[in-house]
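Student: Protein chains in written order, with this note's numbering: chain A, 2 to 393; chain B, 2 to 393; chain C, 2 to 393; chain D, 2 to 393. Built from N, CA and C at the ideal position, the CB exists for glycine as well.
There are 4 protein chains.
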Amino acid sequence: MVRIAILGQGLVATHLAVGLERIKSGELEPIGVPLDRFEYEIPVGRLEIVGSFDVDPRKVGKTLYQVAQDMLGGQLPVPRSLEAVRVERGIHAGSVKGLIPGARGLDEELGMEEAVEKVADRLQHLKPDVVINVITTEKAEPFETVGSVRERVSKGLVSASQAYALAVLRYAEREARRVALVNAIPAPLANDPAIVSMYESAESLVLGDDGATGATPLTADLLEHLAERNRRVLSIAQFNIGGNLDFLALTLPEKNLMKEKTKSSVVRDILGYDVPHFIKPTGYLEPLGDKKFVAMHIAWKTFNGLEDELVVNMRINDSPALAGLLVDLARISYSLLERGYKGTVYEVNAFFMKNPGPKEASNMARITAFHNLVKLLQGLGALNTGINGGQP
Amino acid sequence: MVRIAILGQGLVATHLAVGLERIKSGELEPIGVPLDRFEYEIPVGRLEIVGSFDVDPRKVGKTLYQVAQDMLGGQLPVPRSLEAVRVERGIHAGSVKGLIPGARGLDEELGMEEAVEKVADRLQHLKPDVVINVITTEKAEPFETVGSVRERVSKGLVSASQAYALAVLRYAEREARRVALVNAIPAPLANDPAIVSMYESAESLVLGDDGATGATPLTADLLEHLAERNRRVLSIAQFNIGGNLDFLALTLPEKNLMKEKTKSSVVRDILGYDVPHFIKPTGYLEPLGDKKFVAMHIAWKTFNGLEDELVVNMRINDSPALAGLLVDLARISYSLLERGYKGTVYEVNAFFMKNPGPKEASNMARITAFHNLVKLLQGLGALNTGINGGQP
Amino acid sequence: MVRIAILGQGLVATHLAVGLERIKSGELEPIGVPLDRFEYEIPVGRLEIVGSFDVDPRKVGKTLYQVAQDMLGGQLPVPRSLEAVRVERGIHAGSVKGLIPGARGLDEELGMEEAVEKVADRLQHLKPDVVINVITTEKAEPFETVGSVRERVSKGLVSASQAYALAVLRYAEREARRVALVNAIPAPLANDPAIVSMYESAESLVLGDDGATGATPLTADLLEHLAERNRRVLSIAQFNIGGNLDFLALTLPEKNLMKEKTKSSVVRDILGYDVPHFIKPTGYLEPLGDKKFVAMHIAWKTFNGLEDELVVNMRINDSPALAGLLVDLARISYSLLERGYKGTVYEVNAFFMKNPGPKEASNMARITAFHNLVKLLQGLGALNTGINGGQP
Amino acid sequence: MVRIAILGQGLVATHLAVGLERIKSGELEPIGVPLDRFEYEIPVGRLEIVGSFDVDPRKVGKTLYQVAQDMLGGQLPVPRSLEAVRVERGIHAGSVKGLIPGARGLDEELGMEEAVEKVADRLQHLKPDVVINVITTEKAEPFETVGSVRERVSKGLVSASQAYALAVLRYAEREARRVALVNAIPAPLANDPAIVSMYESAESLVLGDDGATGATPLTADLLEHLAERNRRVLSIAQFNIGGNLDFLALTLPEKNLMKEKTKSSVVRDILGYDVPHFIKPTGYLEPLGDKKFVAMHIAWKTFNGLEDELVVNMRINDSPALAGLLVDLARISYSLLERGYKGTVYEVNAFFMKNPGPKEASNMARITAFHNLVKLLQGLGALNTGINGGQP
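Next comes the structure, spelled out in structure tokens:
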């Protein structure tokens, strides 16, 4: 059994919880779980969500079943088995200020230092192997140096993700247990040398940052496609608009900035040269809900000086796509912990994350990253690509 | 110097001729030539077109300069250096019947057997290292067995591509010279076991079939992108419309069929399962000229049972894209011949061709194919990816 | 009460039946019914389906409730009130040969002349005011002259639509009752001078042909948009692909031709000059179901000799869109019959039909046609545009 | 002869100047000039640009020929006849601050009151019938009341457009000449009751505001298309990105706001209800140049409760489209002045402008507006739609 705790019981976490139960009951195939094309040493059925933290007053105290009914009720069947887990109060640090009325965290009751300890207490009780961070996009400055951590905590200068990262670490240390933190949001954790080094010392793992779904990984592969034909990209425009909380958050300028940074780095890393580009989450449009609209325009020079152009439009469900990746991130984390991996692991981040840690690491075409990931896991004996093994 | 002879002086060959000269004179960078991102043992400047065959009465007897002026004059500068080569009469075999009024080949004057010998004579005179087949899409049935060749030739049951393939072979045999035939059209040459085996006996190479530009390689990479996330593709629709001779040819039903076959095979090869799809060159629309319009719709199931969709629209110059690939195919052929390769080479075909030979070979994601190709060429010492070598 | 009989209980008719009941019960607003923005003298609630004819063995003998459950069951709620009507055997005339296994019509049992009389008998029993033809697209040659009708019927040289048109006429004559036939498929009825003249003699109405939903009316308005700016359209490409029976029918070449004709006429009629275009239903792709995918590319010259281009992609539910129009066509027919209109009425056809009858009539921008339609109906006192009356 | 003076010698004005000369010389047809489909009392050849004002140091003092060579030289042929007009220094009022280095206006030399008089002097010399305002998008607050004008001028609280509007007025008054000011930018002139009333008193015309090219009029017609089928629009997203000065200006937040206002008003005016929408100029991407990329997504409910969606992508040359409209606006202005029209004229603005004045006026479908415009001009005897007269 791989025990999972959730930070932020939003749409992603709720799709993860519902989807996992529907797969376990045989209602659904594990579509959208990348490695399930192959044979993985840990079947999806062995994953279990054991706890969840949030600061939304409409969620804290409710069971995952109730939360899922509220969020997905009309749209999807919600399994009764989700009644087993109840959402607990977590850390706020202002992360959803202005977005969720009445949001309140342990930090607002106890101060940040106490709140971190309290979450660590609860984790000791829940005993997760993997903790997944899917709180709403928030502003966060990396610690950079381990020395700065204590002071910033005492002054309350930490984001919710950072506070959670410290709580997971406290739990790992107290229990002398290897734990993995999977950071699926833009806050720099796997890109923060201080965090990575503390996790390494605790024989634990931090994977991240910013789960790569939607337009960014597709852009990466499209650019690689062009690069391999040596076409000269002239400009890239990419618009994203959606109606979920993450898009609402991006209407607050400082959060938008967090996204933009990770989205842009992909261009230079893959093409090897700079291209004028506009790649940004663009707007909030409530009726689109979780199914965002993406429009992309790429122009390039081809042989003999002529110009081509490509337009991509997508309607994609934002949250389930990420939830599917989290299933694999959870079981890969477990496999890596068992084999003594610690700190962060670029080969995993490079495929799953928009801003793969560690800090200096670059982006690459996802197809290449997938190839490398499969090779790593095959080497460890965790993955068996079977008869089709030659393909990836 | 790599000496190149052209079969079919249409738009692709003319872009190749013009583009090569513009690159050599420093007017253009070798954009659209895939391996020019790296250091290749044969610089583009060492390629030279030494001869050209066609059956169009508006071209036979003219210099490449005159032909290029007629076809690209208003649009692009045409270098004077193209006056050095003159288009000769080639083999028709009915390949442009109904498309080019007054087309006439050597076969119509001399019979097919004589025509093949005559082309071989001319090749002995021109001494090409590489012969590139870019005649208009034609219907062709593979020989399958070497035994059937002589009989079919004597009965005139061969397509123009097949007759040219035999002429190149005769030239190779007579001169005891290793020669490469690059087949960029759908006629099955590298997919014909008889042809491949004859080339192998002649220590020569046949690469093909059907140069992979435009929508097909992009579809391959998009499907691989989805497969790696284990999304379940539900349907694929792909339309192509353009105004060049190749699209006009496709209005003749038996030619359309040739294209459809190679375009469809990509789906099962990459996804590993069958998907209802409609992937066809769809129509001819003269004002679009060589810049075709492609529309594609792909729907898939994602995690937790929801559906996503993707629409791709492209305006791409058909002929220059292929011309850029031919530059690399010419110099790779040369490198391979020098190192004793013969028959056909899947690693090359898999990246450059829609229907990569040999016959039983499957399609794969182009990004993976590119990776394999680079590895092969690095291994041979033909390619140096330099400082960025780690990337592909 | 406006009594409606249906010819062809396919998806369109089934959406019409289900939608009408859902509107009547207050479950849905009459969205998609054009004139319901205004006040019409006959409210939607006064329409009633009283009979239905088909030749599909899976439908004949079943109630509309059962048929609707089979066709839309999982997707939409099906009202019990549809149990009141049962599908009867109609006329086949080979219209779904090769599409619906086991299809059999009265004509196959009784011969065509008898079959027409038998349908007329049933109509006398059902007493519809309006008969709506929504059978699958079929090949049909217009009678052109009244004199030719009897002979063609006796020889069996009539299509199902024509036979139905004659049956409705027989019913109107026998009962001396004004009846309206609304022809929503491409078979030329309102464009057949013989049919129109016979209906005129019977003081009855025939409206048609080919209900204008989807890409065609949108194309009309887009072209008018360009014409009004005096842009010079250079080319038009339009692809349609879907998975319903109508698209399957179009894979049979002679049916495809029926569609292509009506779709193309729009270009010259609106722009006033010919433009190279490719406007065709393009393919059948079963998983798309009734929600077709449309892709369109239009290029034009703008001021100072430059070129612009427009790409439109749509995912639209084919059948409900037509069903919504049929609601208005039924009540407009009724209003017109009451006021003595007979033969056909261009002002109605021009907005609702792809190929508006009578035969010589041309296509126009739909926005203009709508304007004219509203003016006609206001003039008759049938329509009250209320406070917003100035707008259309 | 219709004498035209230009305010702002940017891309629009330069395309206007070049295009007019190319049409006059017979090199081009008057494509993109809406009324040139018909016979207008003033042929395009009778329009003449007699003067031009700007504040860009790279333009002031140069001939239109030199400016056009600099801006369009490589792309289009520039007629020598443009040497006849020289760009003069105009009013700045900070309108291109931060956009054009070194920009300086008469107001910076003489103060605003003097600058207005100086421009009026120059207009007296140039004697234009029509003055066209195509300066870069700037922030401007309407005067609202005539009483406030003098005070705001003396305090320098006027925008460049407002100052120019006053200069034109001074010129009209001094010469007792009827003059038309055509305002093609978002600054509220025809929407400013004070300006309209002053022009009315001077027997002059002000038409505006914000020339309707590109996505906005198309959106208007698309929404009307949906409204006429009574589809319920659920959401509208529209992105615009381009590389000309106007897009660069929009990166300055207060200018973006000016555009957004006019773009949004279209939704409620046409649909008759509010819809969540995101309609904004979105970004600046230099390599796109004057050919902007537009992406639009519209979702709606159709009959029987189902959902459809439409995606539109465009690549359109921004400036020539507007230049083509200005040709007609100039000659319509002249015809209206001759017939005693004064103040502003909604029927003209409704078709040509994004934010049609006067202030309280609403937006309407452009096809309807065109219909009304043609009727007005036919009524005046200015326009003859000829044999095709029935069509619009």
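Mapping the DSSP letters down to three states, classify E145(A) as helix, strand or coil.
Tutor: For the purposes of this step, residue 145(A) is taken as the residue at position 144 of the first sequence. Correct three-state label for E145(A): coil.
Student: Give the list of continuous beta strand (DSSP E) stretches no shorter than 3 residues that lie fully inside the stretch 195–274 of chain C.
Tutor: Those beta strand (DSSP E) runs which fall completely within the stretch 195–274 of chain C and span 3+ residues are 206–208 and 233–243.
Student: With a threshold of 7 Å on Cβ separation, who are the neighbours of V68(B) within its own chain once the five nearest residues in sequence on each side are excluded?
Tutor: Here residue 68(B) is taken as the residue at index 67 of the second sequence, counted from 1. Only Q10, T15, K60 and V88 meet the Cβ criterion.
Student: Could you name the residues of chain D that V312(A) contacts, counting a contact when the two beta carbons are closer than 7 Å?
Tutor: Within the first sequence, residue 312(A) is the residue found at index 311, counting from 1. Here the neighbours are N314.
Student: Closer than 8 Å by C-beta to Q125(B): which residues in its own chain qualify, once you throw out the five before and the five after it? Chain order, please.
Tutor: Within the second sequence, the letter at position 124 stands for residue 125(B). Correct list, in chain order: Y172, R175 and E176.
Student: To test your reading of the DSSP string, which unbroken beta strand (DSSP E) runs of 3 or more residues are found completely within the stretch 43–119 of chain D?
Tutor: The stretch 43–119 of chain D contains these whole beta strand (DSSP E) runs: 48–55 and 88–90.
Student: Going by C-alpha distance, which of A161(A), L12(A), F353(A) and E28(A) is nearest H226(B)?
Tutor: Taking the first residue of the second sequence as 1, we reach residue 226(B) at position 225. Ranking the options by Cα distance to H226(B), first place goes to F353(A).
Student: Using only the alpha-carbon positions, how far apart do E22(D) and L307(C) sit?
Tutor: To locate residue 22(D), count along the fourth sequence from 1; it is residue 21. To locate residue 307(C), count along the third sequence from 1; it is residue 306. Their backbone Cα atoms lie some 15 Å apart in a straight line.
Student: Give me the Cα-Cα distance between N389(A) and F371(A), rounded to the nearest whole angstrom.
Tutor: Within the first sequence, numbered from 1, the residue matching residue 389(A) stands at position 388. Within the first sequence, numbered from 1, the residue matching residue 371(A) stands at position 370. Confidence is the limiting factor: at N389(A) the pLDDT is only 43, short of 50, which leaves the residue's position unreliable and the question unanswerable from this model.
Student: When we look at the beta-carbon of N385(A) and count the other beta-carbons within 10 Å, is it buried (16 or more) or exposed?
Tutor: Reading the first sequence from its first residue, position 384 is the one you call residue 385(A). It is exposed - the Cβ of N385(A) has fewer than 16 other Cβ atoms within 10 Å.
Student: Under 8 Å between beta-carbons, which chain B residues line up against K302(A)? List them in chain order, please.
Tutor: To locate residue 302(A), count along the first sequence from 1; it is residue 301. Simply I32 and G33.
Student: Any beta carbon of chain C sitting closer than 8 Å to that of G284(B)?
Tutor: As a working note, residue 284(B) is residue 283 in the second sequence. Chain C contact via Cβ: present.
Student: Please go through the same chain and pick out, in chain order, the residues whose beta-carbon is closer than 8 Å to the beta-carbon of L111(C), but skip the five residues on each side of it.
Tutor: By one-based count along the third sequence, residue 111(C) stands at place 110. K119, listed in sequence order.
Student: For chain B, check one thing: does any of its Cβ atoms lie closer than 8 Å to the Cβ of F371(A)?
Tutor: Residue mapping note: residue 371(A) aligns to position 370 of the first sequence, counting from 1. It does: the Cβ of F371(A) has a partner Cβ on chain B nearer than 8 Å.
Student: Residues of chain A with CB under 7 Å from P321(B), in chain order?
Tutor: Taking the first residue of the second sequence as position 1, residue 321(B) is located at position 320. Under the 7 Å cutoff, chain A gives T303, F304, N305 and L307.
Student: Measuring only the C-alpha atoms, how far is E204(C) from F39(D)?
Tutor: Position 203 of the third sequence holds residue 204(C). Position 38 of the fourth sequence holds residue 39(D). The alpha-carbon atoms of E204(C) and F39(D) are separated by roughly 41 Å.
Student: Quick check: the stretch 269–277 of chain D against the stretch 315–330 of chain A, are there 3 or more CB pairs under 8 Å?
Tutor: The answer is no - the stretch 315–330 of chain A does not touch the stretch 269–277 of chain D, with fewer than three Cβ pairs under 8 Å.
Student: Give a yes or no on whether the C-beta atoms belonging to G284(C) and I333(C) are separated by under 8 Å.
Tutor: Mapped onto the third sequence, residue 284(C) falls at position 283. Mapped onto the third sequence, residue 333(C) falls at position 332. No; because the gap between Cβ atoms is not below 8 Å, this pair is not in contact.
Student: Just reading off the alpha helix (DSSP H) that V349(C) is part of, what are its end residues?
Tutor: Your numbering for residue 349(C) matches position 348 in the third sequence. Looking at the DSSP string, the run of the alpha helix (DSSP H) that includes V349(C) is Y347 to F353.
Student: Mapping the DSSP letters down to three states, classify T386(C) as helix, strand or coil.
Tutor: Locating residue 386(C) in the third sequence gives position 385, where the first residue counts as 1. If DSSP states are grouped into helix, strand and coil, T386(C) belongs with coil.
Student: Within the same chain, show all residues whose beta-carbon is closer than 7 Å to that of S162(D), passing over the 5 residues directly before and after it, in chain order.
Tutor: Reading the fourth sequence from its first residue, position 161 is the one you call residue 162(D). Only N134, I136, E139, A141, N184, I186, A188 and L190 meet the Cβ criterion.
Student: Since V328(C) contacts L48(C) with CB under 8 Å, what's their CB separation in whole angstroms?
Tutor: Mapped onto the third sequence, residue 328(C) falls at position 327. Mapped onto the third sequence, residue 48(C) falls at position 47. Confirmed, Cβ separation roughly 7 Å.
Student: Is it the case that the Cβ atoms of V117(B) and L182(B) are separated by a distance below 8 Å?
Tutor: As a working mapping, residue 117(B) is identified with position 116 in the second sequence. As a working mapping, residue 182(B) is identified with position 181 in the second sequence. No, Cβ-Cβ distance for V117(B) and L182(B) is not below 8 Å.
Student: Out of curiosity, what's the CA-to-CA distance linking E339(C) and L206(C)?
Tutor: Within the third sequence, residue 339(C) is the residue found at index 338, counting from 1. Within the third sequence, residue 206(C) is the residue found at index 205, counting from 1. Cα-Cα distance, rounded: 11 Å.
Student: Please work out which residues of its chain come closer than 6 Å, Cβ to Cβ, to L65(B), disregarding the five sequence neighbours upstream and downstream, and give them in chain order.
Tutor: Here residue 65(B) refers to the residue found at position 64 of the second sequence. Closer than 6 Å at Cβ, skipping near neighbours: A18, L83 and V86.
Student: Report back the beta-carbon spacing between F54(C) and L8(C) to the nearest angstrom; my notes put them in contact at under 8 Å.
Tutor: Counted from its first residue, the third sequence places residue 54(C) at position 53. Counted from its first residue, the third sequence places residue 8(C) at position 7. Contact flag correct, Cβ pair sits at about 5 Å.
Student: So which residues of chain D does A296(A) contact, with C-beta pairs closer than 8 Å?
Tutor: For the purposes of this step, residue 296(A) is taken as residue 295 along the first sequence, with counting starting at 1. Under the 8 Å cutoff, chain D gives F240, A296, H298, V312 and N314.
Student: Mind checking the stretch 29–63 of chain B against chain A and listing, in chain order, the residues whose C-beta falls within less than 9 Å of any C-beta there?
Tutor: Within the stretch 29–63 of chain B, the qualifying residues are L29, E30, P31, I32, G33, V34, P35, L36, D37 and R38.
Student: Can you give me the C-alpha to C-alpha distance between M113(B) and E152(B), rounded to a whole angstrom?
Tutor: Along the second sequence, read from residue 1 onward, the residue named residue 113(B) stands at position 112. Along the second sequence, read from residue 1 onward, the residue named residue 152(B) stands at position 151. About 12 Å.
Student: Since L182(A) is in the beta strand (DSSP E), which residue starts that stretch and which ends it?
Tutor: For the purposes of this step, residue 182(A) is taken as the residue at position 181 of the first sequence. From DSSP, the beta strand (DSSP E) with L182(A) extends over A181 to N184.
Student: According to DSSP, simplified to helix, strand and coil, what is T369(A)?
Tutor: On the first sequence, position 368 is the one that residue 369(A) refers to. Looking at T369(A) - three-state DSSP - the assignment turns out to be helix.
Student: Nearest to F240(A) by CA position, among L224(A), T220(A), G103(A) and L253(A), is which residue?
Tutor: Translated into positions along the first sequence, residue 240(A) becomes position 239. Comparing Cα positions, the closest option is T220(A).
Student: Rounded to whole angstroms, how far is the Cβ of E229(C) from the Cβ of P35(D), which I believe are closer than 8 Å?
Tutor: Counting from one through the third sequence, the residue named residue 229(C) turns up at place 228. Counting from one through the fourth sequence, the residue named residue 35(D) turns up at place 34. Confirmed, Cβ separation roughly 6 Å.
Student: How many angstroms separate the CA atom of F294(D) from the CA atom of L311(C)?
Tutor: Position 293 of the fourth sequence, counting from 1, holds the residue named residue 294(D). Position 310 of the third sequence, counting from 1, holds the residue named residue 311(C). In a straight line, the C-alpha of F294(D) is about 10 Å away from that of L311(C).
Student: Applying a beta-carbon distance threshold of less than 9 Å, which residues of chain C neighbour E361(B)?
Tutor: Working through the second sequence from its first residue, we reach residue 361(B) at position 360. Under the 9 Å cutoff, chain C gives no residues; its nearest Cβ is about 29 Å from E361(B).
Student: Give a yes or no on whether the C-beta atoms belonging to V3(C) and V197(C) are separated by under 8 Å.
Tutor: Position 2 of the third sequence, counting from 1, holds the residue named residue 3(C). Position 196 of the third sequence, counting from 1, holds the residue named residue 197(C). Going by C-beta atoms, V3(C) is not nearer than 8 Å to V197(C).
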